[in-house]
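When we follow the numbering used here, the leftmost residue of the sequence shown carries the number 2, and every step to the right adds one. Built from N, CA and C at the ideal position, the CB exists for glycine as well. Predicted model, so just to flag it, every value in this text is computed and none were measured.
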Amino acid sequence: MIDENEVQRTLKHLQDLIADDDIRALSLWHEHGATLHACLGAAASHIEHELALYNFEAALVALNKAIASTADASATSVAQ
2 MIDENEVQRT LKHLQDLIAD DDIRALSLWH EHGATLHACL GAAASHIEHE
52 LALYNFEAAL VALNKAIAST ADASATSVAQ
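This is how it looks when you write it as structure tokens:
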């Protein structure tokens, strides 16, 4: 079972590392990759690819879009 609070903390930490062009973002991604793929869906592969290329700016844009999309989907399912 996925701990939603842990996922949110991990995503925030990942955002911070990527925004700082911090290479530790790759380690964090690898450590939590399976969970992040499960939570972010198809966007996770794009984020992972950009991180592998050390393209932190594109990775951050993709991560922020994925987080916003996930939040929108959650809000929609709760409203129904």
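Does the separation of the CB atoms of I48 and A72 fall below 7 Å? The sequence position of residue 48 within the sequence shown is 47, counting from 1. The sequence position of residue 72 within the sequence shown is 71, counting from 1. For I48 and A72, no; Cβs fall outside 7 Å.
Once the 5 residues before and after L12 are set aside, which same chain residues still bring their CB inside 7 Å of it? The residue you call residue 12 lines up with position 11 of the sequence shown. Cβ neighbours of L12 beyond the five flanking positions: I68.
Report, in whole angstroms, the separation of the C-beta atoms of L18 and R10, which I expect to be a contact under 8 Å. Sequence index remark: in the sequence shown, residue 18 carries index 17 (1-based). Sequence index remark: in the sequence shown, residue 10 carries index 9 (1-based). Rounded, the Cβ-Cβ distance is 13 Å, inconsistent with contact.
Buried versus exposed call for L41 [16 or more other C-beta atoms within 10 Å across all chains shown]: Translated into the one-based positions of the sequence shown, residue 41 becomes position 40. The residue is buried, with at least 16 neighbouring Cβ atoms inside 10 Å.
Quick check on L37: buried or exposed, where buried means 16 or more other Cβ atoms within 10 Å of its Cβ? Position 36 of the sequence shown, counted from the first residue, corresponds to residue 37. Buried, because 16 or more other Cβ atoms sit within 10 Å of the Cβ of L37.
Which residue comes first and which comes last in the alpha helix (DSSP H) that contains N6? Residue mapping note: residue 6 aligns to position 5 of the sequence shown, counting from 1. Run containing N6: 5-20, per the alpha helix (DSSP H) assignment.
Would you please state the rounded distance, in angstroms, between the beta carbons of F57 and D22? I believe it to be under 8 Å. The residue given as residue 57 occupies position 56 in the sequence shown. The residue given as residue 22 occupies position 21 in the sequence shown. That belief holds up - the Cβ atoms of F57 and D22 are roughly 5 Å apart, short of 8 Å.
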